[in-house]
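Visitor:
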Amino acid sequence: MTAAPALRAAWHGLTGRPLQATVIGLVMLASSAASVLALAMIAGTSAPFDHAFARDHGAQVALTVSTSRATPARLAATAGLPGVRAVAGPFRETEVAARISLPGAAGALEQQVVLTGRPSRGGPVDDLALDAGRWARTTGEVVWAQSRTSLPVTLGQDIMLTGVPAGSRRLTVVGIATSVTSTAQAWVTPAEITALHGPGVAQMLYRFASAGTTAAVSADISAVRAALPPGAVLGTPQSYLAIRRQAAAQIAPWIPFVVAFGVIALVMSVLIVVNVVSGAVVSGTRRIGILKSAGFTPAQVTAAYVLQAAIPALAGCAAGAVTGGLLSVPLLNLNAAVYGVGVLLPPLWVVVTVPLTMLAVACTAAMAPALRAGRMSTVQAIATGRAPRAAHGYAAHRLLSRLTWAPRTLTIGLAAPFARPARTFLTLAAIVFGAAAVTFGAGLGTSLSRAAADLALTKTEPVQVSPNAGSLTARQQHAIVSALRRQPATLHYTAETDDQLSVSGLASPLSVTSYAGNAGWTGWSLITGRWYSGAGQADVNTYFLTATGTAVGDTYTLTAGKRQVRVRITGEVFDTHGNTADMFVSAWTLAAVAPGLTPQQYDVGVKPGTSIQSYANAVSARLGTAFDVTTSTSSPVFKSVLVLVVVLTVLLIVVAGLGVLNTVVLQVRERAHDLGVFKAIGMTPRQTLAMVVCSASGIGIVAGAIAIPAGVVLHRYVVPVMAHAAQSGVPAALLSVYTPWELALLALAGLVIAATGALGPATWVARTSTATALRAE
Amino acid sequence: MNPLVQLEHVTKKYDSLRGGGTPAVADVSMAITEGEAVAIMGPSGSGKSTLLNLIAGLDRPTSGTVRVDGQRVDTLTEAAAARYRRHHIGMIFQFFNLLEDMTVADNVLLPAQLSGQPRARARARAGELLARLQIGEYADTYPARLSGGERQRVAIARALVNSPPLLLADEPTGALDTANGEAIGRLLLELNSAGQTLILVTHNPDLAQRHARRVIEIVDGRVASDCRAAPAGVLA
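Protein sequences, first through last, are from chains H and B.
When the letters of the first sequence are read in order and numbered with our numbering, they come out as residues 38 to 814.
When the letters of the second sequence are read in order and numbered with our numbering, they come out as residues 71 to 306.
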């Protein structure tokens, strides 16, 4: 087969039907963009961590070892084990209570921290990134780890350590550093750790030749463990894979919906490409006959029609890859910022593979109708000028003509889709997916908005009052209460005290929030159970329940040092802040385990209709500059994701609209002569327009009716998956987002897509001269 | 008597790539009074169908005026032209131009439905026409099952359903065999005898002579002759 004639024929076919080429190009652009975005998000979830891990020679395994059981020589000997590529340590470590004493303020923030003694930040394993200041040079200096859960320290700040041999020890922060695998919360010089050191515990950091899987890491740990005396390895070794998973969890909640949109886009593009190429074969039958009579072989005709789809598809896929890649950059960099690895681009293999796959899908979709073109009889093709048309749709015309109450133009339009059942089915399916995407997108938008409001408490607790630094003194509390009471718009207020407690079974500290009194009005959304009603009760987030293996109704013992308090878990709170375990209790309950803490802020609810900013300004004016009055704001991440939802939904609406446009163009071309007859016997342009729009609207109404349950089911499935990825359950309010009137409105999505897609060709037909239309074959 | 159709200095040129060219209709003026049966005759490409399209409001002249029933047709918008055709024009085509996916009755009813006639009245009128044209038994049949002559009768019924004052026929027997062509010709004359104004376009001199009372010959877009003659094929 000679390819050049097929290519030339395809090119002439494309230039002769630019609209069809444009439809294929745009459809492939939109679906490729959505697919690149979806895959880039999946592939890129671990990318920032991986970049930082490679750059910093991150520790694949961190072991806590007993220096009394394993001598430094035995520990150093593990470097020679088969499979061990690099070792750092032993670094002596201890766990102490760290309290920040902020200058000029009473009260303090306290946290249990793991402190490690290291002579420098560099080394073959866990090359720490120094974010600010310098490394500790002498005793009395500390380098603090920057992480989401650490205390908010600054350079030059003093930190008081308690629970050390000397009773207490004051250290000055001289540097801020990041360990990609969080091997410690703070670092001091080896001399300092010797002074602080209690039990003989040290940290060993390893990199192995093979550590890609959990099994490989376990085997590596077993090899090291076997090389050391029994009992030398303390606690559970820390694998980088767990940290990597946690890093991926930052973006994981957003993946399910992006994937859902990507899959919808892929299916829609297949439907529309099949429809467009089938239409090109049907409407170009005479051309096929001419090509064959001019000497084209069936294979060349088939190739010409596949190329007719492939050329615009290639352009669309390439443009879609670029568009999807650009859309993915902001989302990927949400996570990249955590590791300071700069701007991340989607993986190259995604940007290359997706458009190629989409192109292959388009060509495969075009193959069936193209083969039909290749097999078509030359004589028949030239004689008929169009594909043989079965007598479909006659009964529909007959039945619909009996609807005496409906205008005849409407009933003729409604009957039109029955003439081409296969094409109508493909168009219906494309609109169903588009309208389902609208329903899903609308529901998801509502769920995300509610989640953002629930997590930030913007509606219930919009104002917070706190001192410029430290905790509140009794005098400051009195001033705040006085100022709040003077505001007529004040509805509720409560003192909030936060603390972080080390709890067995939890890798990171438990974040405890206590309120003075019940404070149910603060509006934390409950997944199950109820808000605590008194002392000895607690609400916790899903992460806590999962990590501790507890359930609502269970009793849990909170331990801080030698103090203990038993709390009954009364409710599961929707709280996904930072993938940490959170607990909400009354002030009394927290005081039982952490006495002496004073509130850090007052949370304020205002009367409905109050201007939040005006209220905050009024309180601030009364309290003066010693206090910060802030208002609750939703996370900017939600706003970004909402924009993404809108963009993806619009892309899919455009794809569905293009599918309709293509169908209606084919339909009016095939019926051009009939349309001329309609006009010749008195059909006005407006009636013509209405008739053509109705021919698509009927499909749109049916599609809308199917799409509503499909979209709702998709929403019901995806939102819990997203919440699960964020290690949380879902409050009922985030699932029950569709009101009846909203559903009724969304049911019109199919109609709107269909009518909008049909409007262009309908207008063109309405404006076409009757004489011209009558001359059409 | 006032003319039903009046053309004054009508010229129609089609856009061509080279510009200029011979006009399809060149400076044609004519008047046709109510009740006339006029045959517009001429060879292929002479401009007779273009002339018919201009009278029907399907096309607009490049210059000149077209009046039908006192109404300027050449200045109508597309919508107004459609309404004009509903009420003033009935059209019959060489290849019938029936809608294949509609029954005979639905085809005939369509112009009445488009003009918003009450359904009962439209149905009664359609039934009456189908009976008069002897195709009543095919009311629920699809056009594809009918012979050429029967299809043209359906087309005539459709053209008359709104009782238009002017019936335009473009080669109405061109796609029919001799017997069917003769029958349709007679039918048109019968309608004319009953008062229906008829303009018939044909390239067949015999048909023009036998079925029209006036023959206008068009050559190269111009009126070459305009003769009045008693038709030979009128039935008593």
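Cβ coordinates follow ideal geometry from the N, Cα and C atoms, glycine included.
Source: prediction; values computed, not measured.
The region 156-178 of chain B: which residues have C-beta closer than 7 Å to a C-beta of chain H, in chain order?
Guide: Residues passing the 7 Å Cβ filter: R156, M161, N167, L169, D171, M172, T173, D176.
Visitor: So, at 6 Å on beta carbons, what are the nonlocal neighbours of P140/H in its own chain, with the 5 sequence-adjacent residues on each side left out?
Guide: Only weak support exists for where P140/H lies, its pLDDT of 49 falling under 50; the coordinates are left without a value.
Visitor: Under the rule that 16 or more other beta-carbon atoms within 10 Å means buried, what is W181/H, buried or exposed?
Guide: Counting Cβ neighbours within 10 Å, W181/H comes out buried, since at least 16 surround it.
Visitor: Along the beta strand (DSSP E) that carries M305/H, what are the first and last residues, could you check?
Guide: Note, M305/H: premise wrong, no beta strand (DSSP E); alpha helix (DSSP H) at 292-320.
Visitor: Taking the beta strand (DSSP E) that P73/B falls in, what are its first and last residues?
Guide: Looking at the DSSP string, the run of the beta strand (DSSP E) that includes P73/B is 73-82.
Visitor: Which runs of the alpha helix (DSSP H), 4 residues or longer, sit entirely within the region 682-724 of chain H?
Guide: With a minimum length of 4 residues, the continuous alpha helix (DSSP H) runs that stay inside the region 682-724 of chain H are 709-717.
Visitor: Cα separation between S773/H and T534/H?
Guide: C-alpha separation (whole angstroms): 33 Å.
Visitor: Quick one: is V730/H near chain B, going by C-beta distance under 8 Å?
Guide: With 8 Å as the cut-off, V730/H does not count as an interface residue toward chain B.
Visitor: Please tell me whether V714/H has its Cβ less than 8 Å away from any Cβ of chain B.
Guide: Yes, V714/H lies at the interface with chain B (some Cβ there is under 8 Å from its Cβ).
Visitor: Which same chain residues, not among the five before or five after V25/H, have their C-beta less than 6 Å away from its C-beta?
Guide: This structure leaves residue 25/H out entirely; chain H is present only between 38 and 814.
Visitor: Do we get a CB-CB distance below 8 Å when we pair R812/H with the residues of chain B?
Guide: By this cut-off, R812/H is not an interface position.
Visitor: From what residue to what residue does the beta strand (DSSP E) around T565/H run?
Guide: Looking at the DSSP string, the run of the beta strand (DSSP E) that includes T565/H is 563-566.
Visitor: Compare the C-beta of I718/H against all C-beta atoms of chain B and say whether one is closer than 8 Å.
Guide: Cβ-Cβ to chain B under 8 Å: yes for I718/H.
Visitor: Suppose you measure from the CA of A190/B to the CA of A175/B; what does that come to, to the nearest Å?
Guide: If I take the Cα positions, the gap works out to 13 Å.
Visitor: Q183/B versus chain H: which residues are under 7 Å apart at the beta carbon?
Guide: In chain order: R445.
Visitor: Alpha carbons only, please: which of L74/H, L118/H, A123/H is nearest the one belonging to G95/H?
Guide: If we check each option's Cα against that of G95/H, A123/H comes out closest.
Visitor: Answer with buried or exposed for W778/H, where buried requires no fewer than 16 other C-beta atoms within 10 angstroms of its C-beta.
Guide: W778/H comes out exposed.
Visitor: Tell me which same chain residues have a C-beta within less than 8 Å of the C-beta of G144/H, skipping the five on either side of it?
Guide: Below a pLDDT of 50, predicted positions are generally treated as unreliable, and G144/H, at 47, falls in that range; the measurement from the model is reported next regardless. Counting only Cβ-Cβ distances below 8 Å, and skipping sequence neighbours, we find G507, S508, L509, T510, L634, T635, Q637.
Visitor: List the whole-angstrom C-beta distance separating A23/H from S72/H, where the pair is believed to meet the contact cut-off of C-beta under 8 Å.
Guide: For residue 23/H there is no data in the structure shown, the boundaries of chain H being 38 and 814.
Visitor: Give the DSSP-derived three-state secondary structure of R298/B in the structure shown.
Guide: The answer is strand: DSSP assigns R298/B an E or B state.
Visitor: If the cut is a Cβ gap below 8 Å, which residues of chain B does G430/H touch?
Guide: Per Cβ cutoff of 8 Å: D171.
Visitor: Counting only beta-carbon atoms, is V80/B nearer than 8 Å to chain H?
Guide: V80/B does not count as touching chain H.
Visitor: If you draw a straight line from the alpha carbon of E207/B to that of N250/B, how long is it in whole angstroms?
Guide: Each residue's alpha carbon lies about 18 Å from the other.
Visitor: For T145/B, which option in A239/B, H157/B, D129/B has the closest C-alpha, if you only look at C-alpha atoms?
Guide: Of the listed residues, the one whose Cα sits closest to T145/B is D129/B.
Visitor: Does the beta carbon of P425/H sit closer than 8 Å to a beta carbon anywhere in chain B?
Guide: Low local confidence applies: a pLDDT of 47 at P425/H is under 50, so the model's placement there is unreliable, with the coordinate-based value given in what follows. Chain B contact via Cβ: absent.
Visitor: Taking D195/H as the reference, which of G204/H, T209/H, S205/H has the closest Cα?
Guide: The residue with the shortest Cα to Cα distance from D195/H is T209/H.
Visitor: Please compile the residues from chain B whose C-beta is within a distance smaller than 7 Å of the C-beta of R435/H.
Guide: Chain B residues near R435/H: T173.
Visitor: Report the rounded CA-to-CA distance for I736/H versus A331/H, giving the unit in angstroms.
Guide: Rounded to the nearest angstrom, the two C-alpha atoms are 40 Å apart.
Visitor: Taking T59/H as the reference, give the member of P499/H, V692/H, S765/H with the closest Cα.
Guide: Answer by Cα proximity: V692/H.
Visitor: Between P161/H and T191/H, what straight-line distance do the alpha-carbon atoms span, to the nearest angstrom?
Guide: P161/H and T191/H: Cα-Cα distance of roughly 28 Å.
Visitor: Of all the CB atoms in chain B, is at least one closer than 8 Å to the CB of L408/H?
Guide: No, L408/H does not count as interfacial toward chain B.
Visitor: So which residues on chain B does M491/H lean against when the C-beta distance must stay under 8 Å?
Guide: Here residue 491/H is Asp; the residue named in the question, Met, does not match the sequence. By Cβ distance, chain B contributes nothing, its closest Cβ being about 55 Å from D491/H, past 8 Å.
Visitor: Would you check if the distance between the CB atom of V102/H and the CB atom of A239/H is smaller than 8 Å?
Guide: Closer than 8 Å, so yes.
Visitor: Could you check the C-alpha separation between W568/H and E498/H for me, to the nearest Å?
Guide: Each residue's alpha carbon lies about 16 Å from the other.
Visitor: Just how far apart, CA to CA, sit A424/H and A452/H?
Guide: Note that A424/H scores 47 on pLDDT, short of 50, meaning its location in the model is unreliable; the coordinates nonetheless yield the value given after this. Between A424/H and A452/H, the C-alpha separation is close to 20 Å.
Visitor: Just to confirm, are T585/H and Y593/H a CB contact at a threshold of 8 Å?
Guide: Yes, they are a contact pair.
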